[in-house]
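Asks: What follows is a structure written as structure tokens; I'll ask about it next.
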Amino acid sequence: MCVRTAHLGQDSRPHHKDPGVFPAAFASPYVHLEPELTFVLDDGAGQAVGYVLGTADTPRFVADYRAKWLPLVAGRYPEPGPEPHTADEGIVALLHHPERMLVPEVAGFPAHLHIDLLPAWQGRGYGRALMETFLRALHERGVAAVHLCMVTANTPARAFYDRLGFHEIAVPDAGPVTYLGRSTAAEGR
């Protein structure tokens, strides 16, 4: 699912030599390190069609990612040189640098998340339901706020997040991404 939505909400397979790096960087570490914050939508016949996952504590997650997750996948995805030359190398570089998640401007939003739904399941209320489940789980753990990082060009995703009460967090030199945050309280913001 991560692979089938990683290219601006569309299938990444035509654009990447080894799209398996996407779940290795953006989905599997959460399932491995914080499974209690992984929620999956199935199609009623047991087939996963969407998920939301994340962490309640980004700094702790980054430390665990480096110590516990990266050793499990570094052999399959060796770190590229200091200047990645391809889109694939760029994603692998992100995999090897979890400290990129430690952005001072989002410190007041200690949790973060990733959400993916297959296109046929988008626009039907399932994304909102997944997000509400995730926010409630964070709130019940005493986490007051959550952030996410998205590719700015993914305007359909941005519209979805705006409808859910996320607002932009100013981050200087953010490059091609935008940071959004909100309260975990049911009323949002």
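Just so you know, we're using the working numbering here: the sequence shown kicks off at 898 and counts up by one. C-beta atoms are modelled at their ideal positions from N, C-alpha and C, and glycine is treated no differently.
Which parts of the segment 925–959 are runs of the beta strand (DSSP E), unbroken and 3 residues or longer, counting only runs that do not cross its ends?
Replies: For the segment 925–959, whole beta strand (DSSP E) runs of length 3 or above, ordered along the chain, are 935–939, 945–952.
Asks: Decide if the segment 943–953 is in contact with the segment 1013–1032; the criterion is three or more beta carbon pairs, one per stretch, under 8 angstroms apart.
Replies: Segments in contact, yes.
Asks: Could you give the distance in angstroms between the alpha-carbon of residue 1050 and the alpha-carbon of residue 964?
Replies: Cα to Cα, the separation comes out at about 32 angstroms.
Asks: Using DSSP bridges, identify the partner residues of residue 1013.
Replies: Per DSSP, 948.
Asks: With DSSP collapsed to three states, give me the class of residue 1084.
Replies: In this structure, residue 1084 counts as coil in the three-state DSSP scheme.
Asks: Per DSSP, residue 1076 is paired with what?
Replies: Answer is 1046, 1066, bridged to residue 1076.
Asks: For the candidate residues 941, 930, 978, whose alpha-carbon lies nearest to that of residue 969?
Replies: For residue 969, the nearest C-alpha among the options comes from 930.
Asks: Taking 8 angstroms as the threshold, find out whether the segment 1076–1084 comes into contact with the segment 990–998 through three or more Cβ pairs.
Replies: Segments in contact, no.
Asks: Can you list, in chain order, the residues of its chain whose CB lies under 6 angstroms from that of residue 1061, leaving out five sequence neighbours each side?
Replies: Closer than 6 angstroms at Cβ, skipping near neighbours: 1028.
Asks: Whole angstroms are fine: how far does the CA of residue 1058 sit from the CA of residue 985?
Replies: Their Cα atoms are separated by approximately 27 angstroms.
Asks: Going by DSSP in three states, residue 990 sits in which element: helix, strand or coil?
Replies: Correct three-state label for residue 990: helix.
Asks: Quick check: what's the CA-CA separation for residue 1070 versus residue 1000?
Replies: Roughly 11 angstroms between the two C-alpha positions.
Asks: Give the secondary structure of residue 971 by DSSP, where H, G and I count as helix, E and B as strand, and everything else as coil.
Replies: In this structure, residue 971 counts as coil in the three-state DSSP scheme.
Asks: Give the straight-line distance between the Cα atoms of residue 1073 and residue 917, rounded to the nearest whole angstrom.
Replies: Approximately 22 angstroms between the Cα atoms of the pair.
Asks: With a threshold of 16 other CB atoms inside 10 Å of the CB of residue 983, please say whether the residue is buried or exposed.
Replies: Exposed: under 16 other Cβ atoms inside 10 Å.
Asks: Where does residue 1026 sit, in a helix, a strand or coil, going by DSSP?
Replies: DSSP places residue 1026 in helix when its eight states are reduced to three.
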